[in-house]
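Line by line, the protein sequences are chains U and A.
Residue numbers for the first sequence, in our numbering: 533 to 925.
Residue numbers for the second sequence, in our numbering: 7 to 104.
Using N, Cα and C, we set each Cβ at its ideal position, and we do this for glycine too.
All values derive from a computational prediction rather than experimental measurement.
Accompanying notes for the structure given below.
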Amino acid sequence: MSGVRVLVGTKKGAFILTSDGKREKWEVSGPHFAGWEMYHLKGSPVDPNRIYASQTSGWFGQIIQRSDDGGKTWFQPGTPPGETTGPGGAPKGESNKFVYDTSTETGAPLTTHQFYDGTQHPWEFKRVWHLEPSLTDPDTVYAGVEDAALFRSTNGGKTWEELSGLRGHGTGPKWQPGAGGMCLHTIVLDPKNAGRIFVAISAAGAFRSDDGGKNWMPINKGLKSLYIPNPEAEVGHCVHRIAQATSRPELLYMQKHWDVMRSFDAGDTWTEVSGNLPTDFGFVIDVHAHEPETIYVVPIKSDGEHFPPDGKLRVYRSKSGGNEWEELTKGLPQSNCFVNVLRDAMAVDSLDKCGVYFGTTGGQVYCSPDAGDTWAPIVRDLPAVYSVEVQTL
Amino acid sequence: MIRVELPAHLRALAHVKGEVTVEVSGTVCVLSILDALEAKYPMLEGTVRDHVTRQRRPFLRFFACEEDYSLEPPETPLPEAIASGKEPLLIIGAIAGG
Chain U
533 MSGVRVLVGT KKGAFILTSD GKREKWEVSG PHFAGWEMYH LKGSPVDPNR IYASQTSGWF
593 GQIIQRSDDG GKTWFQPGTP PGETTGPGGA PKGESNKFVY DTSTETGAPL TTHQFYDGTQ
653 HPWEFKRVWH LEPSLTDPDT VYAGVEDAAL FRSTNGGKTW EELSGLRGHG TGPKWQPGAG
713 GMCLHTIVLD PKNAGRIFVA ISAAGAFRSD DGGKNWMPIN KGLKSLYIPN PEAEVGHCVH
773 RIAQATSRPE LLYMQKHWDV MRSFDAGDTW TEVSGNLPTD FGFVIDVHAH EPETIYVVPI
833 KSDGEHFPPD GKLRVYRSKS GGNEWEELTK GLPQSNCFVN VLRDAMAVDS LDKCGVYFGT
893 TGGQVYCSPD AGDTWAPIVR DLPAVYSVEV QTL
Chain A
7 MIRVELPAHL RALAHVKGEV TVEVSGTVCV LSILDALEAK YPMLEGTVRD HVTRQRRPFL
67 RFFACEEDYS LEPPETPLPE AIASGKEPLL IIGAIAGG
């Protein structure tokens, strides 16, 4: 392990930040796809030079990009072999096509979900929020999309197929959009159980498959959401993020709309561990790479005021799996800071001293090379940061 | 030869600068031009019209000879100046956002 590569998606392009293992000096590359909304970029754990990216636009729709050289060059992966392509071998747009499964043979795919006003509304594809490459195959990658559904490609992103058992398992008509839309934003692949996948949807909740994505069940027992008619409903919770302790894959953590939660049993039951946090509203949550009970959150004042309490940007760390939290402030602005940290904008590396990273809507990307003790900005003035991922090289 | 002017983001996506040109056989209309455009620049599939519905994306408009053809049936013949290449078909993104 000699260094790190941080993949940053922003409102106006993607940036790649690289450093050696000290994580003090950085090279900045970008903007890639300047002007486009880059919701998420993530590298394959099997082949770190293989990176997938979600490029999207309210004007022009969804584009999937792929790099096979660590982000130096990019292409749309959807060129069927033998087909005529555009100038310079430019590829065909099939890789950007996300079509909901409406067949009756693959389950019972739904045609409607609950809209903001309570009426039923047809599923309409809008964008890819999150790309999760397989832990074992660089050509297999999962996509979490809005309106909420899970897609999978097994050919390097050339074509996509919906895993429709998620929408079709029965609770879909009760799902509804949150303020950011009805998005499937979190995908967690279990490193020790090849068939197990976790996803989270706003505002539906968390779901788990134990058979590779064919069948699904809600895993929301223990969640209590006071902002929905039945606070303990099976679905309808606005889960903002799930993080897994990879060395103990049944240990999960959740940042919900309000409340920080923990599960010891792969999501079968959840317990609140907000403890002494100044506010338990927030978006991100992540787990130390080597210490399964060391976790990080960035408390945000409230659902109506998406910035840190008192204008102080603080990461909170618990070394006991929650309940007891310490504030981490060294190197972070402690006055007049009113940025947000969005749900996909925190990541950890796996170097000996675990690095922790997060990006803000103010365009800063911070790095702590010492597990949160101290922080420094890698960059200060990017467009609003949507996502941060890190590759340990 | 039909001239088409694309929004800047689509020019970047297609790796082109300035106007593009396409060949159309038969009636010159928005439909036939978009078919030819996507055949020549397949990376633009789904960007001007939706992959599934094939409908124009709502934040894009089509102008020919200073006339708005966005709401016309896509099979509507375009003016001779477009068919002859004297004037380009303009695909224009809405001025919105930040």
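| Item | Value |
| --- | --- |
| Ile-583(U) CB to nearest heavy atom of the ligand GTP below 7 Å | As far as ligands go, the structure on display features none, and thus does not contain the ligand GTP. |
| Chain A contact residues for Asn-687(U), given Cβ-Cβ distances below 9 Å | Neighbours of Asn-687(U) on chain A: none; closest Cβ ~17 Å, over 9 Å. |
| Distance between Ser-38(A) and Met-714(U) (C-alpha atoms, nearest Å) | 35 Å |
| 8 Å Cβ cutoff, Thr-53(A) in contact with chain U | yes |
| Proximal residues of chain U, C-beta to C-beta of Val-10(A) below 7 Å | Those do not exist, as Val-10(A) stays about 14 Å from chain U at its closest Cβ, beyond 7 Å. |
| Under 8 Å by beta carbon: chain A residues contacting Trp-568(U) | His-15 |
| Short CB-CB distance (under 8 Å) between Pro-80(A) and chain D | Although the question refers to chain D, the structure presented lacks it and instead comprises the protein chains U and A. |
| Residue range of the unbroken alpha helix (DSSP H) whose run includes Glu-72(A) | No alpha helix (DSSP H) holds Glu-72(A); DSSP gives it neither H nor E. |
| Reduced DSSP secondary structure (H/G/I, E/B, other) of Arg-728(U) | coil |
| Nearest-angstrom beta carbon gap, Val-829(U) and Val-880(U) [assumed within contact, 8 Å] | Not quite, the Cβ-Cβ distance comes to about 13 Å (not below 8 Å), so this is no contact. |
| Span of the alpha helix (DSSP H) around Glu-556(U) | Where Glu-556(U) is concerned, there is no enclosing alpha helix (DSSP H), given that its DSSP letter is neither H nor E. |
| Three-state secondary structure (DSSP) of Ile-88(A) | helix |
| Beta carbon of Leu-716(U) nearer than 8 Å to that of Leu-695(U) | no |
| Buried versus exposed, by CB contacts within 10 Å (16 or more), Leu-19(A) | buried |
| Closer than 8 Å to chain A by CB, Ile-596(U) | no |
| Where the beta strand (DSSP E) through Arg-794(U) begins and ends | 792–795 |
| Sufficient close CB pairs (3 or more, under 8 Å) joining the region 864–875 of chain U to the region 10–24 of chain A | no |
| The region 74–85 of chain A / the region 652–668 of chain U touching (three or more Cβ pairs under 8 Å) | no |
| Rounded separation between Gln-61(A) and Val-792(U) - CA only | 43 Å |
| Beta strand (DSSP E) runs wholly inside the region 786–855 of chain U, at least 3 long, in chain order | 792–795, 817–819, 827–829, 847–850 |
| CB contact below 8 Å: Leu-95(A) versus chain U | no |
| Cβ-Cβ distance between His-662(U) and His-564(U) below 8 Å | no |
| Lys-574(U), DSSP secondary structure in three states | strand |
| Status (buried if at least 16 other CB within 10 Å, exposed otherwise) for Pro-763(U) | exposed |
| Touching by the beta-carbon criterion (3+ pairs, under 8 Å), the region 904–917 of chain U and the region 593–604 of chain U | no |
| Beta carbon of Asp-95(A) nearer than 8 Å to that of Ile-88(A) | In the sequence under discussion, the amino acid at residue 95(A) is Leu, which differs from the Asp named in the question. Going by C-beta atoms, Leu-95(A) is nearer than 8 Å to Ile-88(A). |
| CA-to-CA distance, Arg-582(U) to Gly-689(U), given in whole angstroms | 11 Å |
| Selected residue, minimal CA-CA separation from Val-58(A), among Lys-604(U), Pro-580(U), Thr-634(U) | Thr-634(U) |
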